[in-house]
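Protein chains in written order, with my numbering: chain G, 1 to 355; chain X, 356 to 710; chain E, 711 to 1065; chain U, 1066 to 1420. Cβ atoms here follow ideal geometry from the backbone N, Cα and C, with glycine treated the same way. The structure under discussion appears below in the form of structure tokens.
Number of protein chains: 4
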Amino acid sequence: MSASAAPQSISIAIVGATGYTGAELLRLLASHPQANVRAVTSRQAAGQRVDDWFPNLRGHYDLTFSAPDAGALAACDVVFFATPHGTAMHQVPALLDAGVRVVDLSADFRIKDASVFAQWYGEPHAAPDLLAEAVYGLPEVNRALLRGARLVAAPGCYPTAVQLGFLPLLRAGAVDASSLVADCKSGVSGAGRSAKIGSLLAEAADSVLAYGVGGHRHLPEICQGLNAAAGSEVGLVFTPHLVPMIRGIHATLHAVLTDSAADVQHLFERAYADEPFVDVLPAGAQAGTRSVRGSNMCRIAVAKPPRVGSAPPRVVVTAVEDNLVKGASGQAIQAMNAMFGLPEVTGLSAPALLP
Amino acid sequence: MSASAAPQSISIAIVGATGYTGAELLRLLASHPQANVRAVTSRQAAGQRVDDWFPNLRGHYDLTFSAPDAGALAACDVVFFATPHGTAMHQVPALLDAGVRVVDLSADFRIKDASVFAQWYGEPHAAPDLLAEAVYGLPEVNRALLRGARLVAAPGCYPTAVQLGFLPLLRAGAVDASSLVADCKSGVSGAGRSAKIGSLLAEAADSVLAYGVGGHRHLPEICQGLNAAAGSEVGLVFTPHLVPMIRGIHATLHAVLTDSAADVQHLFERAYADEPFVDVLPAGAQAGTRSVRGSNMCRIAVAKPPRVGSAPPRVVVTAVEDNLVKGASGQAIQAMNAMFGLPEVTGLSAPALLP
Amino acid sequence: MSASAAPQSISIAIVGATGYTGAELLRLLASHPQANVRAVTSRQAAGQRVDDWFPNLRGHYDLTFSAPDAGALAACDVVFFATPHGTAMHQVPALLDAGVRVVDLSADFRIKDASVFAQWYGEPHAAPDLLAEAVYGLPEVNRALLRGARLVAAPGCYPTAVQLGFLPLLRAGAVDASSLVADCKSGVSGAGRSAKIGSLLAEAADSVLAYGVGGHRHLPEICQGLNAAAGSEVGLVFTPHLVPMIRGIHATLHAVLTDSAADVQHLFERAYADEPFVDVLPAGAQAGTRSVRGSNMCRIAVAKPPRVGSAPPRVVVTAVEDNLVKGASGQAIQAMNAMFGLPEVTGLSAPALLP
Amino acid sequence: MSASAAPQSISIAIVGATGYTGAELLRLLASHPQANVRAVTSRQAAGQRVDDWFPNLRGHYDLTFSAPDAGALAACDVVFFATPHGTAMHQVPALLDAGVRVVDLSADFRIKDASVFAQWYGEPHAAPDLLAEAVYGLPEVNRALLRGARLVAAPGCYPTAVQLGFLPLLRAGAVDASSLVADCKSGVSGAGRSAKIGSLLAEAADSVLAYGVGGHRHLPEICQGLNAAAGSEVGLVFTPHLVPMIRGIHATLHAVLTDSAADVQHLFERAYADEPFVDVLPAGAQAGTRSVRGSNMCRIAVAKPPRVGSAPPRVVVTAVEDNLVKGASGQAIQAMNAMFGLPEVTGLSAPALLP
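What follows is the structure, encoded as structure tokens:
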């Protein structure tokens, strides 16, 4: 396929489609006019109907999970990996060789430095030669590289919100890059569709819990992006919290302004003026994660908090997204659209579900 | 009554008992062996039974709301004000003159500087002469002053968690006092039992929302306490968030260490070794707000986050409390116990409700 | 416009669009290719932008609420009333006279007998002459009448689920029509976007509450539909419950079978074989309300419970729907599609949001 | 120990204390003046501190889980089994032989007919000789038998609510015993503290789901109790539902009155006049499960629904309880109190947590 002509139909396979990001790909692709999902694979669920797992998809797909089969995958235009970390890096090289494009929703190709990957993910990288080619799939940063890319690493949920919220400030040199604080709150679906005690409703409801304070795997991914924007090594503390909601990420980003008079509202409005999926709210407004639930939008609010006592001038940026859409599957589809020369918004334009 | 002999029975009135903090006083006092609630007042609910409003109290009280009546209040040993801000300051002087003690759960007597009160609460203070006498009812700070006090200002919910989390660091000079960040998350009961659209389940559930970013009334109260501990004016940004839970406050407190090698775990353990209602978790542990639901405990965890890039050494303190107990009614009862010479834990020792 | 040719564009006004059903019309119509929303009215919000009220709609509409104005409404092809009961019946006659079609989401035109309306809604009907013409907008029952109708009364949320669940049984004479039990559970959005204490998250979360046990306004509407299907007056007890979720209705329908050997699974599959928005689950399956969240689908499961002791043979039908979609705004759009000769599924085919 | 003199201290062991009913026993016993918990056993958690598992218990117990050890158990006055079904029946005989009393929270000794047990629990009963002696621990039914009992089978959560709601009607012959409908809703903690996909917050929140429609293990237990009250075999359909709350059971009980004029309100008030843990609400009132959260109370409301069409006269009884307290651990302690001659309310009198 030529990258210059958008296709009428894109044949798609999803590897590992029994988790939440896989199910979300299927939900979103059901409204995508060019998407043609041909195969969904799962070792665990092979032979079972997709809509027995996800009853919301009844009537939308007539698909049965198949065991992973390189041949069937190689017959598709693009393969999404919705697998845990450590799977895609073993299978991607053969797929690329077969001329298939890949969008990997796992962390396997996000980090450019194989040794950093090994340090945080506990195993050596299986395809380090591809790290340079892999495009980090944040369209607001890498739009030009996505067009025609063979391999895209879809960003993590926290990294998307934190980067979109900090990038304009860092690029403009508007903040002290060494003292960034990202205090983030995530819904429970971020932990995936796996049976963990801590994710039970009876454990996680009616509670807020900090976790990963001693170090979270998204930290190096975030820093890689912020460093590139700042042109130097930033200093960041990243504190994730589990909050009792199904979907949603709320990132509260604290930084010290280099100029107390900076017009940060204007800075953000200008930075994202042409972005279809970044919405800068009017000054003074805040939006809850509910305002983006089910949608691919990231909404950003910018505020200068009251300056008391000895405090330096500060900015507080809040960024909200649906962790399964802009934080995962929606952004992956946005990347696919860009890869295949489709308008990025294709299939992604439904408003969020509110209330 | 002599302050030196604990009473067998304390006769109690509650003004404004139709809200959550009033109802919580009643719930907790039902298990307090010396408490004898004699009157609950409410203009709105006068003549109605308390347990028609709060069915959980059926069988525990045979009480009817009465219209506020200075005479009935003056016959009690202590009056709790569970009213909105701006009520207590008008009624307290006469009660003190009548020899009644007062615990005010509103903000009326928390801030020592009447002009600061006027600035944040939008009206001049009605009893500025009492501000010096009023004891700020954080027992971990003002224990000595509570014993025998006539007038106690029970702290706000956010200020309790933020102060308990920052005080040991500030007193020890262990952090840069000018760059404090308090990123706080509150359950919806913090907005009170009033009919507001934003507090509807259909609005607030499955969402996280920052609010008060441009300035929240708890800011001057928090700063007053932190300044005293630091011995100088601190610099603080305070960012509250609404999270979809009924009760609970989670304060995530960020500060830069003056000495990267400081043993902050030990610092907190020593600071709170004798406190019945501050529980410092073992190093590495975190506790959700659920671990304190319904109880008067504040649990604190201390961590040093990974230091990346150009970041200065940091500490992240998390403090969780039940906003209606340690953040309001429980702490008010703890103060009452101290005022009357009872063990502070009296009536407050039940474990939190988990799950 | 001729009823026989589907229009390229339908100009639409929504009266009372500040509530949940109005906002849901806007959300759904944003994905409807023929919909052209020209006016949204609200006395309360006149002059304010729609997306200031509903931030999920930012970027989808450039609309400002206007005060109700008969002229502007009369210029539209169809007017939706998303108002409380008692409003539409005063305004509809003039609109019909002006050649405008109306879909009323309130109860004003649902009940055919004006005296029954007056009894349950507390005021005489203002337009009793239109009751005969008004089409009760349950497409599964009145499809033929919807085509070309001038005035459609969109069914209530509970009545939709209860009727869809009972109708096949009653039409087939398969159950004792005098002993029907409808035990129903609704999310809190069913109470509307109005500030009521009982709908607060701090009141309604983590709780289940029966209400309206002594009589609920949906009872006569349900009975009217069931009576028609049974060909006689049914006997029904209808017990609604408030459950802590945002959206969703779960109707559990109990009936005694006239023939213990009846193949009720087959009965339902046949009855709804051609319905785009009724999904009969395979025998043995159950689906949660989440499986229809945000979608116009009603999923139905049919089961014969174990027969113990002296129990007669029974059937238990469960029907789930989103109260704001199939129970209100989605069904109203489905009716509009039918009225204008469009495929009923137009704009309504997105899968439910799960998780 | 003589049954006639209440002990000053009861030494207690809990087998299987890592689940919710075990943790709830510990929570409640922390406020019980005579309780002295000496051992908590768990194969899985042996050697770990109890408060590492349940941080709400920090400061209340200095206990470590031990491996099950018959000797240590035999040294206690009473052993609670908070184990899954199938464990207690193997260990109880030896404990009874050693003179230890047992309260079993599992189903092992609830059903008098060993063959019924085998049918519903999938294995033969290991101690059928003890079934006759085991007292079914519903104090409202078996108070006299509890005093001095050696072995008590604490009732299931659903059976408690359903029996307390139906018993007065059946004993009085006020309803048609062959057409009972129990439509019940449970919080997710009823599924236990085990990692199941269906109990994840991301699965169970914002949804209602019927389950066990084809047969639930609590059915024979409920029927056994109802049959005894009715003096004949009742006919019952029991339909449980999972609702998105942590704790709570709401039972909605439908029956046909034999006399439409029966004063059912009075019937219930008289039946439970002396019961400390059954609260009959005033006519017309309803209470949510929240009104009993954390408490041992069961609240009951009685209503006659409007009689429409051909409907026979009906009564709708709603009964709410906390599934972990009156539905499990609280009731088990109430039984222990009765066994040891203590007032039944000992340690169980705290009001429910509301909001």
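Taking the alpha-carbon positions, what's the residue i to residue j distance?
i          : j          : result
Leu1091(U) : Arg1123(U) : 11 Å
His125(G)  : Arg217(G)  : 15 Å
Pro510(X)  : Ser397(X)  : 22 Å
Ser409(X)  : Arg502(X)  : It is worth fixing the name first, because residue 409(X) is Phe in this sequence and not Ser. Each residue's Cα considered, the two are about 32 Å apart.
Ser31(G)   : Ala940(E)  : 39 Å
Val966(E)  : Ser1020(E) : 13 Å
Gln1289(U) : Ile1176(U) : 8 Å
Ala1042(E) : Thr728(E)  : 17 Å
Arg1017(E) : Thr968(E)  : 14 Å
Glu1205(U) : Gly1187(U) : 30 Å
Asp51(G)   : Gly330(G)  : 20 Å
Ile249(G)  : Pro282(G)  : 20 Å
Leu219(G)  : Thr239(G)  : 9 Å
Looking only at its chain, what residues have a beta carbon closer than 7 Å to the beta carbon of residue i, apart from the 5 residues adjacent to it on each side?
i         : result
Ser357(X) : With a pLDDT of 45 at Ser357(X), under the threshold of 50, the modelled position of this residue cannot be trusted; read the value that follows with caution. Correct list: empty, nothing qualifies.
Thr793(E) : Val725, Gly726 and Ser816
Gly553(X) : Ala559
Glu344(G) : Pro139, Pro276, Gln334, Asn337 and Ala338
Arg748(E) : Ser721, Ile722, Ala723 and Cys786
For the candidate residues the options, whose alpha-carbon lies nearest to that of residue i?
i          : options                                           : result
Val530(X)  : Asp424(X), Ala707(X), Ser461(X) and Ser587(X)     : Ser587(X)
Cys1008(E) : Leu929(E), Val1035(E), Leu911(E) and Phe791(E)    : Val1035(E)
Ala1275(U) : Arg1258(U), Pro1370(U), Glu1205(U) and Asp1248(U) : Asp1248(U)
Val598(X)  : Ala638(X), Leu524(X), Ala583(X) and Asn678(X)     : Asn678(X)
Ala557(X)  : Ser917(E), Ala901(E) and Val918(E)                : Ala901(E)
Ser418(X)  : Pro439(X), Asn391(X) and Gly441(X)                : Per the sequence shown, residue 418(X) should be read as Leu rather than Ser. Closest by alpha carbon: Asn391(X).
Gln1044(E) : Asn852(E), Pro950(E) and Ile932(E)                : Asn852(E)
Glu1286(U) : Gln1396(U), Ala1269(U), Val1105(U) and Thr1225(U) : Thr1225(U)
Ser1254(U) : Val1410(U), Ala1393(U) and Leu1413(U)             : Ala1393(U)
Thr1056(E) : Arg860(E), Ala715(E) and Leu738(E)                : Leu738(E)
Glu1386(U) : Ile1311(U), Gly1164(U) and Ala1159(U)             : Ile1311(U)
Gly567(X)  : Ser549(X), Lys540(X) and Asp561(X)                : Lys540(X)
Ala303(G)  : Ala616(X), Gly569(X), Ala707(X) and Ala656(X)     : Gly569(X)
Arg171(G)  : Val181(G), Asn227(G) and Val208(G)                : Asn227(G)
Within the same chain, show all residues whose beta-carbon is closer than 6 Å to that of residue i, passing over the 5 residues directly before and after it, in chain order.
i         : result
Ala443(X) : Phe436, Asp459, Ser461 and Asp463
His445(X) : Ala481
Pro448(X) : Ala482
Pro168(G) : Leu267, Phe268 and Ala271
Does the separation of the CB atoms of residue i and residue j fall below 7 Å?
i         : j         : result
Arg811(E) : Val788(E) : yes
Gly528(X) : Ala674(X) : no
Arg314(G) : Val592(X) : yes
Val589(X) : Ala532(X) : yes
Leu96(G)  : Arg150(G) : yes
Pro351(G) : Asn766(E) : yes
- Message: For the pair the segment 285 to 298 of chain G and the segment 357 to 374 of chain X, tell me if three or more CB-CB distances fall below 8 Å.
- Response: As far as the Cβ criterion goes, the segment 285 to 298 of chain G does not touch the segment 357 to 374 of chain X, which means the pair count is below three.
- Task: Count the CB pairs spanning the segment 421 to 431 of chain X and the segment 1360 to 1379 of chain U that are closer than 8 Å, and state whether there are at least three.
- Result: At 8 Å Cβ cutoff, the stretches do not touch.
- Message: Would you call the segment 1329 to 1343 of chain U in contact with the segment 722 to 735 of chain E, where contact means no fewer than 3 C-beta pairs closer than 8 Å?
- Response: No, the segment 1329 to 1343 of chain U does not touch the segment 722 to 735 of chain E.
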